Amino acid sequence: MSLTGKSVFLRAVEKEDATKLMLWENNPKHWKITGTEVPFSFSSILEYIDQAQHIRTHGQLRMMICVVGTREPIGAIDLYQVDFKHLRAAVGILIADEDNKNHGFAFEALVLLENYATQILALHNIHCSIHSDNLASVGLFEKAGFLRVGLRKEWYLEKGIWLDEILYQKCLERKETKK
Numbered sequence: 001m002s003l004t005g006k007s008v009f010l011r012a013v014e015k016e017d018a019t020k021l022m023l024w025e026n027n028p029k030h031w032k033i034t035g036t037e038v039p040f041s042f043s044s045i046l047e048y049i050d051q052a053q054h055i056r057t058h059g060q061l062r063m064m065i066c067v068v069g070t071r072e073p074i075g076a077i078d079l080y081q082v083d084f085k086h087l088r089a090a091v092g093i094l095i096a097d098e099d100n101k102n103h104g105f106a107f108e109a110l111v112l113l114e115n116y117a118t119q120i121l122a123l124h125n126i127h128c129s130i131h132s133d134n135l136a137s138v139g140l141f142e143k144a145g146f147l148r149v150g151l152r153k154e155w156y157l158e159k160g161i162w163l164d165e166i167l168y169q170k171c172l173e174r175k176e177t178k179k
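In structure tokens form, the structure reads like this:
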């Protein structure tokens, strides 16, 4: 099973990614999505990297999204709230810079992650929650075959305005590999 597509590949987070992750995590533009209220320290990012690959211990896995050819990290994709009893996980994705958006990188990374979740982790369900004003994410997950399964009314308060939370889910099918 490959974690490489035509334009992007997924790889484990390395200590060398700490500075880039700190910039992404501490960017106030991303805080609305992540719920962050306080900046992360460099040492907390390093601690996170040490724990990020222990999916069965911490119920979470982050992979870097890198461009094929340049190998440059442009974002991250996460599985979190991983539940191996019920074979499900939440998914989150970030393409950090505006210049890298609208090129299909997020969609390709999501397809690669779905294959990994199905073939390696044997998950049956993945799901996500999206702010109702995040039309790019709504379009991404609908294009990837996620079904809208719920709506939480007035779930987020952003600058005095209430936003709904849209819930999406996808049941995964395991593809048999040829021997």
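Numbering (UniProt numbering), first residue to last: 1 to 179.
For each residue, glycine too, the CB sits at the ideal point set by N, CA and C.
Quantities reported herein were computed from a predicted structural model and do not represent experimental measurements.
Check: What separation, rounded to the nearest whole angstrom, lies between the Cα atoms of Phe-9 and Leu-163?
Finding: 33 Å
Margin query: Can you tell me whether Ile-120 is helix, strand or coil according to DSSP?
Written below: DSSP, reduced to helix, strand and coil, places Ile-120 outside both helices and strands of the structure shown, so it counts as coil.
Notebook entry, point to check: So the alpha helix (DSSP H) Gln-51 belongs to, where does it begin and stop?
Noted result: 42-52
Check: Who are the near neighbours of Ala-144 in its chain, counting only those whose CB is closer than 8 Å to its CB and skipping five residues on each side?
Finding: Phe-107, Leu-110, Val-111, Glu-114, Lys-170
Next item on the list: Out of Asp-133, His-103, Tyr-80, Ile-45, state which residue places its alpha-carbon closest to the alpha-carbon of Trp-155.
Entry: Asp-133
Check: Closest by CA to Ser-44, which one among Met-64, Thr-19, Val-138, Ile-77?
Finding: Thr-19
Check: Comparing alpha-carbon positions, which option in Lys-101, Tyr-168, Asp-50, Ala-122 lies nearest Glu-142?
Finding: It is Tyr-168 whose Cα lies nearest to the Cα of Glu-142.
Margin query: Between Leu-172, Ile-49, Ala-89, Ile-120, which has its C-alpha nearest Lys-15's C-alpha?
Written below: Ile-49
Check: With burial defined as no fewer than 16 other Cβ atoms inside 10 Å of the residue's Cβ, what is the status of Ser-137: buried or exposed?
Finding: buried
Notebook entry, point to check: By DSSP, does Val-13 sit in helix, in strand, or in coil?
Noted result: coil
Next item on the list: Determine the DSSP secondary structure at Lys-159, reduced to helix, strand or coil.
Entry: coil
Next item on the list: To the nearest angstrom, report how far apart Ala-89 and His-127 are at their CA atoms.
Entry: Going by the C-alpha atoms only, they are around 6 Å apart.
Item checked: Host beta strand (DSSP E) of Arg-62 (start-end) -> Its beta strand (DSSP E) spans residues 61-67.
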